Amino acid sequence: MKKFLRGLNAEQASAASTIDGPLLVLAGAGTGKTRVITVRMAHMLSIGIDPRSVLAMTFTNKAAAEMRARVAKLVGSKPAELLTVGTFHSFCLKLLREHTAEIGFPKGFTICDAADQLSALKGALRELRIPEAAIQPSTLQARISLLKNRLVSPEEFMQRPGDETDELIGRAFRRYQDHLRRSRNLDFDDLLLEALRLLRENAAVREKIQERYRFLLVDEYQDTNGPQYELVRIIGLPERNVCVVGDDDQSIYSWRGADVSKILGFERDYPGAKIVRLETNYRSSQEILDAANKIIRNNPSRHDKTLRSHLGRGELIQAVMSRDETVEAEYVVRDILERTKRKEAALGDFAILFRTAVQPRTFEAELRARNLPYVLVGGQSFFDRKEVRDVMAFLKLMANPRDEVSLLRVINCPPRGVGKSTIDKALEFATEKGIAVGEAFDRAEEIEGINAKAVEAVQRLRARLNALALGST
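For what it's worth, the numbering used here labels the leading residue of the sequence shown as 78, then goes sequentially.
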């Protein structure tokens with residue numbers, strides 16, 4: 078253990094060496110949080126704790142991969158591979174795949190991503206004859222996600238008093254869930270909700286998971302929502318070896334369901350919990366920290382903490398008011414040039430941050446005018462490209478022929494002469510019979526006035542995909 082603790086400050090060492098019982102690590106920005114987490118996990122393995130009994134939850138795949146890689150460097154890859162380290166969603170997906178029979182789902186259920194959800198919601202609005210002018214599908218998507226993250230079902234929401242828009246949201250929410258069920262689909266929020274339902278309703282599975290994972294670690298605890306909080310509480314209930322790491326001052330995701338009251342109420346939920354504050358900052362100067370401390374102190378609902386810089390006082394913060402965005406860009410680029418000429422910094426040391434997608438255009442124009450190389454971070458993901466989404470839709474249909482969103486995406490890719498009227502009639506029949514739209518095309522002889530040629534084209538597509546699926550098994 079001593080070799081792991083070398084180089085840690087007193088606060089970090091205290092957090093890394095506390096293993097038993099509930100532990101809240103309040104990790105301010107730049108205080109070495111990831112290092113503390115990985116050293117703590119390495120220490121657990123070094124004292125003989127079975128790595129298969131450790132569950133570490135993160136919010137991104139990148140954070141999970143980094144965590145596992147760092148632990149492997151400390152203790153070797155073999156024990157590190159036996160740890161369960163992943164996002165809440167990946168953990169829940171694995172849990173549901175292991176217990177499909179218990180939740181009443183087929184093994185071939187598929188996951189809707191954000192774009193698939195939007196398509197399904199548009200379909201729900203179309204089926205209900207609600208015009209998109211009444212409520213934007215993207216707004217509906219955000220509202221439904223927020224309701225799920227607050228553990229509110231369509232039925233519960235519809236029983237609440239509300240205005241006309243709320244009534245539309247409730248109807249669309251219920252129809253959207255019906256659509257997911259008949260398509261054998263789950264969205265990302267449902268992964269959490271179905272895993273939570275499984276643990277709440279099935280005592281055998283709950284006890285098995287509680288027995289398997291005796292030590293829990295949760296990163297970025299300030300960002301947990303209702304289902305995530307309940308999952309941690311249920312799994313960690315018997316042993317109470319729950320370590321959460323986070324910073325209420327960095328809670329910025331309430332708009333998507335994160336509930337800062339969970340980290341603020343940790344001591345209430347886990348009486349006798351130990352609290353360790355990481356307050357030595359290794360990233361920013363004291364000038365920056367002082368400004369941040371003064372602002373955040375105005376928040377009455379927070380854990381008290383004051384960050385101290387390891388880097389010294391630093392330069393004063395500059396606030397520059399510009400007449401417009403062009404003048405602002407000229408000033409910023411000129412300042413970068415002057416600093417590089419004085420050899421105070423290299424071009425790679427600078428980052429220009431902005432809040433909206435249109436703001437970088439002015440900076441790009443100025444950087445190009447000065448022949449300065451730059452990298453624009455962000456933009457469209459590879460998996461959001463149309464051709465990639467089309468290929469993914471074909472693959473999803475091979476795995477799950479009932480996937481309506483994927484079928485409707487590729488029904489005319491390439492063009493097959495399947496018109497809107499044909500699709501609407503099939504959707505109406507599917508809704509009326511409670512079946513998937515693919516099955517509606519299989520029963521097209523029961524649909525009055527549907528285009529026979531278009532139906533034949535869809536049936537050929539489905540038959541070909543089924544043949545490919547059978548050939549791949």
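From the three backbone atoms N, C-alpha and C, an ideal C-beta is built for every residue, glycine too.
Keep in mind that this is a model prediction, so the values were computed, not measured.
Contact set for Asn302: own chain, Cβ-Cβ below 7 Å, skip 5 residues either direction | Excluding sequence neighbours, Asn302 sits near Asn226, Gly334, Ala335 and Asp336.
Are there 16 or more other CB atoms within 10 angstroms of the CB of Phe165, so buried, or fewer, so exposed?
-> By the 16-neighbour rule on beta-carbons within 10 angstroms, Phe165 is buried.
Roughly how many whole angstroms lie between the Cα atoms of Glu244 and Glu209?
-> In a straight line, the C-alpha of Glu244 is about 15 Å away from that of Glu209.
For Val102, the first and last residue of its enclosing beta strand (DSSP E) = Looking at the DSSP string, the run of the beta strand (DSSP E) that includes Val102 is Leu100 to Ala104.
In angstroms, rounded to a whole number, what distance separates the CA positions of Arg291 and Met118?
-> Note on geometry: alpha-carbon atoms of Arg291 and Met118 lie some 13 Å from one another.
Under the rule that 16 or more other beta-carbon atoms within 10 Å means buried, what is Asp412, buried or exposed?
-> Classification of Asp412: exposed, given that the 10 Å Cβ count is below 16.
Based on the DSSP output, what are the partners of Ser188 in its beta bridges?
-> Note on residue identity: the sequence assigns Ile, not Ser, to residue 188. Residue pairing by DSSP places Ile188 opposite Leu263 in a beta bridge.
When DSSP labels each residue in this structure, what does Phe518 get in the three-state scheme?
-> The answer is helix: DSSP assigns Phe518 an H, G or I state.
Got a sec, what are the start and stop residues for the alpha helix (DSSP H) Ile114 sits in?
-> Counting along the chain, the alpha helix (DSSP H) containing Ile114 begins and ends at Lys110 to Ser123.
Applying the criterion that 16 or more other CB atoms from any shown protein chain within 10 Å of the CB defines a buried residue, is Phe459 buried or exposed?
-> A residue is called buried once 16 or more other Cβ atoms fall within 10 Å of its Cβ, and Phe459, having fewer, is exposed.
Helix or strand or just coil, what does DSSP make of Phe168?
-> Phe168: helix per DSSP, three-state reduction.
Alpha carbon to alpha carbon, how far is Gln299 from Thr115?
-> When rounded, the separation of the alpha-carbon atoms in Gln299 and Thr115 is 19 Å.
Taking 7 Å as the cut-off, does the CB of Leu122 come closer than this to any heavy atom belonging to the ligand FAD?
-> Here there are no bound small molecules, and the ligand FAD is not part of this structure.
Quick one: what does DSSP say Val404 is sitting in, helix, strand or coil?
-> Helix at Val404.
Answer yes or no: do Phe506 and Ala513 have a C-beta to C-beta separation smaller than 8 Å?
-> No, Cβ-Cβ distance for Phe506 and Ala513 is not below 8 Å.
From the DSSP output, which residues share a beta bridge with Arg385?
-> Among the bridge pairs identified by DSSP, Arg385 is matched with Thr357.
So is Met398 buried or exposed if we call it buried at 16+ other beta carbons inside 10 Å?
-> The residue in question, Met398, is exposed, as its Cβ has fewer than 16 Cβ neighbours within 10 Å.
From this set, Ile340, Asp267 and Gly511, which residue's C-alpha is nearest Ala191's C-alpha?
-> The residue among Ile340, Asp267 and Gly511 with its C-alpha nearest the C-alpha of Ala191 is Asp267.
Can you name the start and end residues of the beta strand (DSSP E) that Gly323 belongs to?
-> Per DSSP, the continuous beta strand (DSSP E) segment holding Gly323 begins and ends at Val319 to Gly323.
Would you identify the three-state DSSP class for Lys420, choosing helix, strand or coil?
-> Here Lys420 sits in coil by DSSP.
Label Ala219 either buried or exposed according to how many other C-beta atoms from any shown protein chain fall within 10 Å of its C-beta, with 16 as the threshold for buried.
-> Exposed: under 16 other Cβ atoms inside 10 Å.
Val50 - DSSP class collapsed to helix/strand/coil | There is simply no residue 50 to check, as the chain begins at 78 and stops at 550 in what is shown.
When the Cα of Asp467 is compared with those of Ala503, Leu273, Val482 and Asp324, which residue comes out closest?
-> The candidate whose alpha carbon is nearest that of Asp467 is Val482.
Between the stretch 423-432 and the stretch 386-395, do three or more beta carbon pairs fall short of 8 Å?
-> A contact is defined here as three or more CB-CB pairs under 8 Å, and the stretch 423-432 fails this definition with respect to the stretch 386-395.
Range covered by the alpha helix (DSSP H) that runs through Thr135 | Per DSSP, Thr135 belongs to no alpha helix (DSSP H); it is in the beta strand (DSSP E), Val131 to Thr135.
Around the C-beta of Ala521, are 16 or more other C-beta atoms found within 10 angstroms, so that it is buried, or is it exposed?
-> Ala521 comes out buried.
Can you tell which of Ser215, Arg251, Phe343 and Lys497 has the C-alpha that lies nearest to the C-alpha of Val229?
-> Minimum Cα-Cα distance from Val229 among the listed residues Ser215, Arg251, Phe343 and Lys497 corresponds to Arg251.
Strand pairing of Phe292, partner residues [DSSP] = DSSP lists Val131 as partners of Phe292.
Give the single residue among Pro437, Asn448, Asp461 and Met469 whose Cα lies nearest to the Cα of Val454.
-> Measuring from the Cα of Val454, the nearest candidate turns out to be Pro437.
Are the stretch 253-267 and the stretch 197-205 in contact at 8 Å, needing three or more beta carbon pairs?
-> Taking 8 Å as the limit for Cβ pairs, the verdict is that the stretch 197-205 does touch the stretch 253-267.
Quick one: give me the first and last residue of the alpha helix (DSSP H) that Met144 is part of.
-> It spans Asn138 to Val152 - the alpha helix (DSSP H) in which Met144 sits, taken as one unbroken run.
Starting from Thr161, follow its DSSP beta bridges and name the residues at the other end.
-> Per DSSP, Leu132.
Buried/exposed call for Val404, threshold 16 Cβ in 10 Å = When all chains shown are included, Val404 counts as exposed.
Go ahead and label Glu297 buried or exposed: buried means 16 or more other beta carbons lie within 10 angstroms of its beta carbon, across all protein chains shown.
-> By the 10 Å Cβ count, Glu297 comes out buried.
Buried or exposed: Lys339, going by 16 or more other Cβ atoms within 10 Å of its Cβ?
-> Buried is the call here.
From the DSSP output, which residues share a beta bridge with Ile352?
-> Paired residue(s): Leu101.
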